[in-house]
Amino acid sequence: MRRGVDFEETGSSLSCLGPRTIDEEFDDDGEEEGRVAVGCARSNSYYRLPQHLLKLSILKLDGSVFDVHVARHGKVAALKQAIEDVFSSSPKDGVGNISWSHVWGHFCLCFNGEKLLNDRAYLRSFNINDGDQLCFIRHLSTNYSPMKRQPKNQNVSFRQHQIT
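What follows is the structure, given as structure tokens:
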């Protein structure tokens, strides 16, 4: 195991990129294998810092509550996916396949009286913080338009009126 510090040359100065630990093993060909980097590595690849997660409680229509974890800077779509993942990983106690398109078409999430309808909206735009509770509420999507039924006798009289 080798330890050291990586440096980056920027203009006329050197910047310390931080410590690195590299485990190197060589196979019979002399090629490196099992290279694991902790901290910074020699390559210029970018390592993302772990995202901070929000723990949110979701209140269902039946009054039960479950928790989800979603990125602090996530979008509504990521929250919906986290909810779907909770149900897909939970034991199947009497729950069949859930039609999520049906769920999201008829229900939506709500926080402080505001519906989360835009999947591309950031959670922070709703001022959602760690530990907050959201709830499901009934919602009809814009593509759902039930036909108004008229009494049969009204249709018949209308047709007779048109014919005469």
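Numbering-wise, the working numbering puts 85 at position 85 of the sequence shown, and it's gapless, one number per residue.
The beta carbon of each residue, even a glycine, is placed where N, CA and C say it ideally should be.
Model, not experiment: these values are computed from the prediction.
For my contact list, residue i and residue j are in at a C-beta cut-off of 8 Å; report their separation, rounded to the angstrom.
| i | j | result |
| --- | --- | --- |
| K75 | A121 | 6 Å |
| I165 | V68 | Nothing about residue 165 can be read from this structure; the chain reaches only from 1 to 164. |
Quick check on residue i: buried or exposed, where buried means 16 or more other Cβ atoms within 10 Å of its Cβ?
| i | result |
| --- | --- |
| L134 | buried |
| V36 | Its pLDDT being 40, under 50, V36 is placed unreliably by the model, and the measurement read from it follows with that caveat. Exposed. |
| L140 | exposed |
| I128 | buried |
| A82 | buried |
Is the separation between the beta-carbon of residue i and that of residue j shorter than 8 Å?
| i | j | result |
| --- | --- | --- |
| F126 | F107 | no |
| L79 | F136 | no |
| H73 | R124 | yes |
Name, in chain order, the residues that DSSP records as bridge partners for residue i.
| i | result |
| --- | --- |
| S99 | Paired residues: none, contrary to the question. |
| F126 | Bridge partners of F126: none, in fact. |
| D67 | S57 |
Per DSSP, what kind of secondary structure is residue i in: helix, strand or coil?
| i | result |
| --- | --- |
| K55 | strand |
| S43 | At S43 the pLDDT is 49, less than 50, meaning the model places this residue with poor confidence; the figure from the coordinates comes in the next sentence. Coil, per DSSP. |
| A78 | helix |
| I83 | helix |
| L61 | coil |
| R120 | coil |
| H73 | coil |
| E24 | In this prediction, E24 scores a pLDDT of 42, lower than 50, which makes its location untrustworthy; the coordinate-derived value is nonetheless stated afterwards. Note: E24 maps to strand in three-state DSSP. |
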